[in-house]
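Note sheet for the following structure.
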Amino acid sequence: MKTFKELGISDALITGLSKAGIVTPTEIQGAVIPTGLARQDVIAQSVTGSGKTLAYLLPIFESIDVTSKALQAVVLSPTHELSVQIANEVKKLAQNAGLALQCQVLIGETSLKRQVEALKSKPQIVVGSPGRMTELIAMKKLKMHEVKTIVLDEADRLMDDTKLADCRTVIKATLRDRQLMAFSASITPQAETVLTEMMKTPQVIRLEGTLVNPNITHLYVECDLRDKADAVRKIASALKPEKILVFLNKNDHIQNMEKFLIHHKVSAKAIYGASERQDRKDAMEGFRSGRYQVLIASDLAARGLDIAGLNVVVSADVPKKTEEYVHRVGRTARYANEGYAIVLATAQDLSFLKTLEEDLSVTFHEKILRFGRIEDPR
């Protein structure tokens with residue numbers, strides 16, 4: 103693997119990376135950075151936690167003229183939390199590298215007036231939702247004519263019917279010679295087709311190996327629907343992990359589990375589509391700081407989150423698609439750490455676990471919850 107210097111990264115950025123404890127490029131960074139620096143369009147797929155964010159941020163930083171106050175890079179993201187997370191990465195890298203670079207988050211369910219006011223500070227990078235950016239473009243408050251690069255983070259989610267039109271609008275607002283880069287842990291053939299149509303002969307980068315991090319141990323516990331909240335309580339008691347992320351498919355189930363766990367003295371918090379932005383922010387800050395041991399979330403709310411110290415992910419409902427399982431379990435075992443992915447499966451769900459095993463080349467090990475422990479069945 104080449105060094106950051108050999109990949110073409112400047113000394114200032116290398117210094118900034120080293121301050122964050124990053125000294126060696128990951129595989130996806132080694133594959134993407136030269137293409138990004140060459141200003142080619144890219145479609146890149148690799149497992150979560152592999153360093154995709156820096157794979158596109160480093161070429162962006164190299165291309166930005168910090169003496170110019172024009173907007174030069176746009177990062178589109180499907181969720182509020184991921185947008186804030188990416189913006190924090192931008193600010194941290196800029197600060198560590200000593201670069202006077204401005205970044206602004208543009209997301210819905212927040213004051214449009216405040217965002218318009220914030221844009222007067224002339225950020226060189228904006229990160230946020232395609233819907234809010236489309237709104238600001240229509241108001242002529244977001245000037246796109248000098249944008250050099252657009253990134254689609256969690257691209258498969260951005261290609262769905264609810265966001266694709268807004269993504270197209272943002273992309274069409276830029277000049278034809280702009281660079282377009284798309285990243286995800288799972289890019290379906292349909293998403294790749296749509297992305298390719300928007301790009302100029304993109305380089306498709308798919309890292310060899312499995313879609314799922316090999317450092318994850320996959321377990322399942324068979325239980326009835328009515329027992330799932332109590333199963334999460336027992337898992338928290340048995341494993342005593344610092345953090346557990348629980349996935350459920352329906353908002354009312356998320357709320358019910360939160361109430362159950364709190365009633366049983368488990369520090370838990372929920373985020374889902376209908377949550378107020380401040381509630382989501384408080385939940386994420388509390389989960390990251392350790393105030394909450396359990397975070398209960400929908401697939402969309404937790405997409406792309408990077409949470410240090412998270413080594414247990416529980417699918418209290420089985421995901422609807424293989425790709426969703428990939429993104430769920432990708433929240434754990436990040437950056438070469440170990441992690442557990444536990445599915446709470448009804449008898450009807452077992453056939454889908456077989457599908458996951460075949461699709462992802464993983465093995466699910468059955469466990470039971472008994473006497474305060476997670477054990478092999480007898």
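Read in order, the letters of the sequence shown correspond to residues 103 to 480 in my numbering.
Using N, Cα and C, we set each Cβ at its ideal position, and we do this for glycine too.
Looking only at C-alpha atoms, which of the options sits nearest to residue i?
i, options, result
"residue 259", "444, 335, 231, 249", "231"
"residue 463", "254, 244, 319", "319"
"residue 363", "374, 378, 330, 186", "330"
"residue 407", "111, 150, 135, 104", "150"
"residue 323", "156, 130, 103, 477", "477"
"residue 135", "125, 126, 128, 157", "157"
"residue 470", "369, 215, 227, 340", "340"
"residue 265", "234, 225, 123, 137", "234"
"residue 254", "367, 443, 145, 415", "145"
"residue 455", "434, 480, 433, 417", "417"
"residue 103", "126, 111, 382, 114", "126"
"residue 261", "179, 393, 354", "179"
"residue 273", "249, 170, 352, 294", "249"
Counting C-beta neighbours from all protein chains within 10 Å, is the total for residue i 16 or more, i.e. buried, or is it exposed?
i, result
"residue 117", "exposed"
"residue 213", "exposed"
"residue 387", "exposed"
"residue 349", "buried"
"residue 106", "buried"
"residue 421", "buried"
"residue 285", "buried"
"residue 316", "exposed"
"residue 375", "exposed"
"residue 240", "exposed"
"residue 168", "exposed"
"residue 279", "exposed"
"residue 292", "exposed"
"residue 377", "buried"
"residue 427", "buried"
"residue 326", "exposed"
"residue 361", "exposed"
"residue 295", "exposed"
How about residue i and residue j: do their beta carbons lie closer than 8 angstroms?
i, j, result
"residue 390", "residue 429", "no"
"residue 346", "residue 337", "yes"
"residue 410", "residue 397", "no"
"residue 185", "residue 209", "yes"
"residue 188", "residue 154", "no"
"residue 236", "residue 271", "yes"
"residue 252", "residue 176", "yes"
"residue 243", "residue 218", "yes"
"residue 432", "residue 287", "yes"
"residue 413", "residue 392", "no"
"residue 314", "residue 335", "no"
Give a yes or no on whether 8 angstroms exceeds the smallest Cβ distance from residue i to chain C.
i, result
"residue 428", "The structure shown contains no chain C; it holds only a single protein chain."
Enumerated in chain order, which unbroken segments of the alpha helix (DSSP H) with a length of 4 residues or greater are wholly contained in the stretch 126-181? 129-139, 154-165
Whole alpha helix (DSSP H) elements within the stretch 341-407, 4-residue minimum: 353-365, 379-391
Assess contact between the stretch 157-172 and the stretch 130-148, defined as three or more Cβ pairs (one per stretch) separated by less than 8 angstroms. Is contact present? yes
Decide if the stretch 443-456 is in contact with the stretch 296-308; the criterion is three or more beta carbon pairs, one per stretch, under 8 angstroms apart. A contact between stretches requires three or more CB pairs, one per stretch, nearer than 8 angstroms, and the stretch 443-456 fails this requirement with the stretch 296-308.
Sufficient close CB pairs (3 or more, under 8 angstroms) joining the stretch 116-130 to the stretch 192-211: Touching, yes.
Contained beta strand (DSSP E) runs [length at least 3] in the stretch 258-324, N- to C-terminal order: For the stretch 258-324, the continuous beta strand (DSSP E) assignments of 3+ residues that do not extend past its boundaries occur at 281-286, 305-308, 318-324, in sequence order.
Jot down the residue ranges of each uninterrupted alpha helix (DSSP H) in the stretch 213-258, minimum 4 residues, whole runs only, in chain order. 214-220, 232-240
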